[in-house]
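Student: Below is one structure. I have some questions about it.
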Amino acid sequence: MERLQKVIANAGVASRRKAETLIQTGHVTINGKVVTEMGIKVEGSEHIEVDGVPLTRERKVYYMLYKPRQVISAVTDDKKRPVVTEYLEDIPERVYPVGRLDYDTSGLLLLTNDGDFANMLMHPKYKVDKTYVAKVSGIPTPDMLRQLRKGIVLEKRKTAPAKTKIISTDRRKNTAIISITIHEGMNHQVKNMLAAVGLPVSKLKRETYSFLTLDGLVSGEYRALKPIEVAEFKKMAELSEKPRHKNRK
Numbered sequence: 011m012e013r014l015q016k017v018i019a020n021a022g023v024a025s026r027r028k029a030e031t032l033i034q035t036g037h038v039t040i041n042g043k044v045v046t047e048m049g050i051k052v053e054g055s056e057h058i059e060v061d062g063v064p065l066t067r068e069r070k071v072y073y074m075l076y077k078p079r080q081v082i083s084a085v086t087d088d089k090k091r092p093v094v095t096e097y098l099e100d101i102p103e104r105v106y107p108v109g110r111l112d113y114d115t116s117g118l119l120l121l122t123n124d125g126d127f128a129n130m131l132m133h134p135k136y137k138v139d140k141t142y143v144a145k146v147s148g149i150p151t152p153d154m155l156r157q158l159r160k161g162i163v164l165e166k167r168k169t170a171p172a173k174t175k176i177i178s179t180d181r182r183k184n185t186a187i188i189s190i191t192i193h194e195g196m197n198h199q200v201k202n203m204l205a206a207v208g209l210p211v212s213k214l215k216r217e218t219y220s221f222l223t224l225d226g227l228v229s230g231e232y233r234a235l236k237p238i239e240v241a242e243f244k245k246m247a248e249l250s251e252k253p254r255h256k257n258r259k
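Per our numbering, residue 11 is the first one in the sequence shown, and the count goes up by one each step.
This is the structure we're talking about:
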């Protein structure tokens with residue numbers, strides 16, 4: 011038996027967190043009855059509907075998109091702005107983004123209908139590195155970079171240390187391009203970290219997601235992940251789950 015929110019997520023309707031919200035707000039029925047309590051488990055023979063649409067189990071698919079700027083990392087948007095799933099309209103499965111990129115941030119975004127896979131990638135304990143390239147106002151100093159590498163306090167919480175590198179500087183325009191690698195996913199984290207040390211961001215792009223790069227894609231294009239790439243992510247998760255034994259004297 012599986013938890014209802016997991017079944018909904020695996021069917022590609024929404025992420026597991028969003029599925030929990032759908033349940034709590036009365037959008038889900040089992041055999042014709044509305045369910046709102048969390049923790050319900052189903053066997054697989056039940057007739058489940060979300061907003062009146064029967065739940066069907068789809069094959070699990072995995073894609074990466076070169077997200078353009080001024081596109082929302084969501085399935086729908088109440089302001090009628092473009093959303094990332096519009097770039098994958100020719101695939102039959104209903105996919106949703108793994109995490110998010112800000113509206114004005116471009117770069118590598120994963121989409122899937124596999125709830126377990128999405129949760130694994132988003133969970134901080136798996137420490138999946140993501141590298142961003144930022145154009146900033148100001149010239150980074152050694153002290154600024156040192157602060158980023160030690161971690162920045164944002165909203166009373168210290169971020170994990172970041173990896174940073176200066177790519178280029180333009181002293182005439184007082185701008186620089188730097189790369190920053192993090193494994194967390196706080197809202198606007200990269201922009202807020204750089205702003206906190208005096209380097210406001212004017213342009214931001216996610217260039218890598220662990221071992222994945224944007225090579226071969228232009229803005230707005232997508233491709234399916236190779237089976238070996240999906241397996242590599244799952245292998246990374248399995249390795250991080252293994253207990254680490256301390257050396258015995």
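Built from N, CA and C at the ideal position, the CB exists for glycine as well.
For Ser55, count neighbouring C-beta atoms within 10 Å of its own C-beta (all shown protein chains included) and say buried if the count is 16 or more, exposed if not.
Tutor: Exposed, since its Cβ has fewer than 16 Cβ neighbours within 10 Å.
Student: Please report how far the alpha carbon of Arg110 lies from the alpha carbon of Leu119, in whole angstroms.
Tutor: Distance between the alpha carbons of Arg110 and Leu119: 7 Å.
Student: Given this structure, state the Cα-to-Cα distance separating Glu47 from Val38, to the nearest angstrom.
Tutor: Taking the straight line from one Cα to the other gives about 10 Å.
Student: Using a threshold of 8 Å, state whether the C-beta atoms of Met74 and Leu235 are closer than that.
Tutor: Yes. Within cutoff.
Student: Should Thr86 go down as buried or exposed, given a rule of 16 or more other Cβ atoms within 10 Å for buried?
Tutor: The residue in question, Thr86, is exposed, as its Cβ has fewer than 16 Cβ neighbours within 10 Å.
Student: Can you tell me the Cα-Cα spacing of Met130 and Ile238, whole angstroms?
Tutor: Each residue's alpha carbon lies about 17 Å from the other.
Student: Around the C-beta of Ala24, are 16 or more other C-beta atoms found within 10 angstroms, so that it is buried, or is it exposed?
Tutor: Result: buried.
Student: From Glu96 to Glu165, what distance separates their C-alpha atoms?
Tutor: So the two alpha carbons sit approximately 34 Å from each other.
Student: Please state the DSSP three-state secondary structure of Thr86.
Tutor: Here Thr86 sits in coil by DSSP.
Student: Please check the pair Thr223 and Gln199, which I expect to be a contact at CB under 8 Å, by giving their CB distance rounded to whole angstroms.
Tutor: With a Cβ gap of about 21 Å, Thr223 and Gln199 do not count as contacting.
Student: With DSSP collapsed to three states, give me the class of Val94.
Tutor: Helix, per DSSP.
Student: Just to confirm my understanding: we take Thr260, look at its own chain, exclude 5 residues before and 5 after, and list those with CB closer than 7 Å. What are they?
Tutor: The structure shown does not extend to residue 260, since the chain is modelled only from 11 to 259, so the question has no answer here.
Student: Does the Cβ of Asp225 have 16 or more other Cβ atoms within 10 Å, making it buried, or fewer, making it exposed?
Tutor: Counting Cβ neighbours within 10 Å, Asp225 comes out exposed, since fewer than 16 surround it.
Student: Could you work out which residue in Val138, Leu121, Asn202, Lys137 is closest to Leu158 when comparing CA atoms only?
Tutor: Nearest C-alpha to Leu158: Asn202.
Student: For the beta strand (DSSP E) that contains Thr174, what are its first and last residues?
Tutor: It spans 173 to 180 - the beta strand (DSSP E) in which Thr174 sits, taken as one unbroken run.
Student: How big is the Cα-Cα spacing for Met196 and Ile40?
Tutor: Distance between the alpha carbons of Met196 and Ile40 is about 35 Å.
Student: For Ser212, collect the residues of the same chain with a Cβ closer than 8 Å to its Cβ; drop the 5 residues on either side in sequence, then sort them by chain order.
Tutor: Around Ser212: Lys145, Val146, Ser147, Thr185.
Student: Rounded to whole angstroms, how far is the Cβ of Asn123 from the Cβ of Glu194, which I believe are closer than 8 Å?
Tutor: Not quite, the Cβ-Cβ distance comes to about 25 Å (not below 8 Å), so this is no contact.
Student: May I have the straight-line CA-CA distance separating Lys16 from Lys28, to the nearest angstrom?
Tutor: Roughly 11 Å separates the two Cα atoms.
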